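I have placed the structure first, in the form of structure tokens, so that the comments after it can refer back to it.
Protein chains in written order, with this note's numbering: chain A, 4 to 298; chain B, 15 to 361.
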């Protein structure tokens with residue numbers, strides 16, 4: 004029992020990072036209807052930039068954290084301006100493929116600069132574990148979980164009350180109507196890419212502090228798909244819950260398969276089996292809006 | 015060659031596969047050149063040509079599904095893998111070549127149809143994600159069904175033989191692969207012209223009106239998945255026979271993505287486009303190899319960067335094509351043809 008509880012707690016932490024990355028994904032999808040296959044590579048880019056600033060340039064962690072956020076803002080804006088804007092109105096396969104091309108470029112840049120070995124962040128938080136329900140949990144796990152919750156609270160409030168957030172929701176709902184009310188759609192698009200890049204970097208930095216980083220970090224982006232489909236492609240709450248559920252689920256499946264069936268690597272595939280099942284039963288997820296089609 | 019373009023005077027004329035005599039002559043010359051190629055080129059170039067033709071089969075089959083029928087698939091690399099593994103498993107049992115190749119194709123078709131079932135309810139991004147799931151699930155099965163696939167160690171395949179003739183060299187394999195590729199390309203070119211092919215196009219263009227005029231969506235979508243996966247399985251079987259050793263990481267998501275890139279760079283929905291795209295994307299890394307080895311003689315550090323650079327160039331090419339030439343190489347080809355038809359008048 005304790006074994007499974009431990010698995011579930013680890014799953015919650017990894018899941019909270021999935022949620023963060025899924026948050027970026029959902030924000031882009033909500034505002035621009037673009038599906039971003041480069042989300043995982045944005046996580047990786049943020050993690051590596053922060054790593055370079057703290058370890059190679061010896062900057063204090065907080066400063067490099069803020070600089071990384073600045074870098075992500077620029078990255079998000081540049082990607083939107085140079086890659087996505089020319090493709091407005093193109094068929095969905097073109098838009099998907101352009102983000103896949105983007106992910107190849109980001110991955111190759113990271114490998115050219117930093118190679119493929121695993122890199123480890125210097126420890127920032129104390130190492131002695133906290134006790135949660137009588138189980139030892141590393142402080143960095145708790146910090147990760149709390150930070151993710153905090154970010155979700157901030158973004159929920161931002162979308163609900165700030166005028167920019169309201170403008171973003173209006174754009175998501177009806178682009179033409181929003182534009183005729185004087186909302187700058189292009190700025191909204193750029194902003195949503197910036198936010199997505201920033202939350203992805205934060206996810207990357209947290210992950211780097213837990214597991215270290217290597218050039219395979221981009222695979223994390225694939226894990227986002229089950230999470231957002233489960234929650235609904237255009238729902239923030241869905242992204243949060245979906246990430247947590249997928250994180251816990253894949254860890255438990257891995258544990259059960261290892262214990263009972265002596266099967267490794269189920270973690271990689273469990274969430275995708277779930278994904279196929281969800282798509283068959285409820286393609287719009289738990290909180291997504293259903294599209295209604297009329298002739 | 016007609017001086018001012020091609021004008022059809024009957025519907026039968028328009029429906030012909032080869033429209034003009036000039037085209038037939040060109041194709042005949044091309045076939046002769048291909049048949050002579052292994053006698054002229056060195057072994058390395060023949061091996062590149064072989065891999066290129068296998069890519070052509072896979073790209074043409076994906077184009078039938080994605081370009082013609084409009085069903086995006088991120089799992090095509092895995093379907094190729096299914097064909098390769100089944101073909102290898104059948105060959106290990108000592109079954110004859112043709113049977114193994116068709117068996118690989120048929121199993122791939124069944125698997126493709128199974129993962130195509132969600133396509134009735136899903137489209138666009140949802141279908142892309144569900145085929146992505148198919149890719150990752152199949153990849154997992156390749157790696158973990160040790161008793162069938164040899165797991166991470168992969169499995170060896172003997173070179174094929176037909177009527178007692180062993181295809182045991184690159185040059186001999188060339189003729190075999192060339193024959194199968196020609197058959198597959200001809201098959202797809204003809205499928206596009208049939209009733210099914212027109213139904214596929216109707217589904218791609220607007221599925222609701224297609225359904226209203228009596229196209230059975232479920233049936234034709236499944237048919238597209240089955241035909242496309244069958245050809246992908248055949249490509250996989252040839253791959254297994256040709257490389258003689260297959261491992262799970264050969265059929266990763268990167269392969270699926272490169273097939274999609276081929277049809278986008280070549281031209282969606284066009285048979286010629288998929289051939290051009292496959293040729294382009296097979297030659298791109300070769301050109302890059304030559305370039306890096308040339309630069310490497312001046313700056314030795316660059317050799318460690320070759321692999322990531324290849325990926326970067328691939329991504330950059332894809333993005334540039336999507337932004338500047340979304341209709342692909344086949345449009346460039348048509349422009350060149352039009353230029354020579356109208357020469358010396360530009361209008």
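The beta-carbon is built from N, C-alpha and C at its ideal position, and this holds for glycine as well.
As the structure is a computational prediction, the values presented were derived from the model and not from experiment.
{"Query": "contact_flag[the region 225 to 238 of chain B, the region 77 to 89 of chain B] where n(CB pairs < 8 Å) is 3 or more", "Result": "yes"}
{"Query": "Contact check, residue 276 (chain B) vs residue 292 (chain B), beta carbons under 7 Å", "Result": "yes"}
{"Query": "Beta-carbon spacing of residue 123 (chain A), residue 132 (chain A) below 7 Å", "Result": "no"}
{"Query": "Proximity test, Cβ basis, 7 Å: residue 272 (chain B) and chain A", "Result": "no"}
{"Query": "Identity of the residue in A:27, A:218, A:68 nearest residue 121 (chain A) by Cα", "Result": "A:218"}
{"Query": "Interface partners of residue 268 (chain A) on chain B, CB under 9 Å", "Result": "154, 157, 158"}
{"Query": "CB contact check: residue 322 (chain B) to chain A, cutoff 7 Å", "Result": "yes"}
{"Query": "Beta-bridge partners of residue 48 (chain A), as assigned by DSSP", "Result": "Paired residues: none, contrary to the question."}
{"Query": "Proximal chain B residues relative to residue 93 (chain A), where beta-carbon distance stays under 9 Å", "Result": "336, 340"}
{"Query": "Reduced DSSP category for residue 156 (chain B) - H, G, I as helix; E, B as strand; rest coil", "Result": "helix"}
{"Query": "Contact with chain B by residue 139 (chain A), beta-carbon distance below 7 Å", "Result": "no"}
{"Query": "When B:284, B:145, B:157 are compared against residue 205 (chain B), the one with the closest alpha-carbon", "Result": "B:284"}
{"Query": "Terminal residues of the beta strand (DSSP E) in which residue 300 (chain A) lies", "Result": "The shown model of chain A, from 4 to 298, leaves out residue 300 (chain A), and the question about it has no answer."}
{"Query": "Residue 111 (chain B): first and last residue of the uninterrupted alpha helix (DSSP H) it sits in", "Result": "111 to 130"}
{"Query": "Status (buried if at least 16 other CB within 10 Å, exposed otherwise) for residue 284 (chain A)", "Result": "exposed"}
{"Query": "Given 8 Å, three or more beta-carbon pairs between the region 7 to 20 of chain A and the region 238 to 257 of chain A", "Result": "yes"}
{"Query": "Three-way DSSP call (helix, strand, coil) for residue 357 (chain B) in this model", "Result": "coil"}
{"Query": "Residue 98 (chain A) vs residue 90 (chain A) beta-carbon contact at 7 Å", "Result": "yes"}
{"Query": "Helix, strand or coil at residue 135 (chain B) according to DSSP, with G and I counted as helix", "Result": "coil"}
{"Query": "Under the three-state DSSP convention, the category residue 41 (chain A) falls into", "Result": "coil"}
{"Query": "Residue range of the alpha helix (DSSP H) that includes residue 214 (chain B)", "Result": "209 to 219"}
{"Query": "Any alpha helix (DSSP H) of 4 or more consecutive residues that is wholly inside the region 109 to 195 of chain A", "Result": "142 to 164, 166 to 176, 178 to 183"}
{"Query": "For residue 50 (chain A) and residue 125 (chain A), the rounded distance between their alpha carbons", "Result": "13 Å"}
{"Query": "Cross-chain neighbours of residue 43 (chain A) in chain B, by beta carbon under 8 Å", "Result": "Within chain B, no residue comes near residue 43 (chain A); the closest Cβ sits about 12 Å away, beyond 8 Å."}
{"Query": "7 Å Cβ cutoff, residue 223 (chain A) in contact with chain B", "Result": "no"}
{"Query": "In DSSP terms, what residue 189 (chain B) is bridged to", "Result": "Per DSSP, none; premise fails for residue 189 (chain B)."}
{"Query": "Residue 29 (chain B) classed as buried or exposed, judged by whether at least 16 other C-beta atoms fall within 10 angstroms", "Result": "exposed"}
{"Query": "Rounded separation between residue 15 (chain B) and residue 274 (chain B) - CA only", "Result": "With a pLDDT of 45 at residue 15 (chain B), under the threshold of 50, the predicted position of this residue should be treated as unreliable, and no value is reported."}
{"Query": "Own chain partners of residue 114 (chain B) with C-beta closer than 7 Å, once the 5 adjacent residues on each side are dropped", "Result": "101, 104, 105, 251"}
{"Query": "Residue 33 (chain A), buried or exposed, once every other Cβ within 10 Å from all chains shown has been counted against 16", "Result": "buried"}
{"Query": "Chain B within 7 Å of residue 259 (chain A), Cβ atoms only", "Result": "no"}
{"Query": "Alpha carbon of residue 282 (chain A) to alpha carbon of residue 137 (chain A), nearest angstrom", "Result": "38 Å"}
{"Query": "Other residues of its chain near residue 192 (chain A): CB distance less than 7 Å, five sequence neighbours each side excluded", "Result": "34, 35, 83"}
{"Query": "Distance, residue 29 (chain A) Cα to residue 239 (chain A) Cα", "Result": "7 Å"}
{"Query": "Inter-residue Cα distance where the pair is residue 222 (chain B) and residue 277 (chain A)", "Result": "29 Å"}
{"Query": "Sheet register partners of residue 175 (chain B) (DSSP bridge)", "Result": "B:180"}
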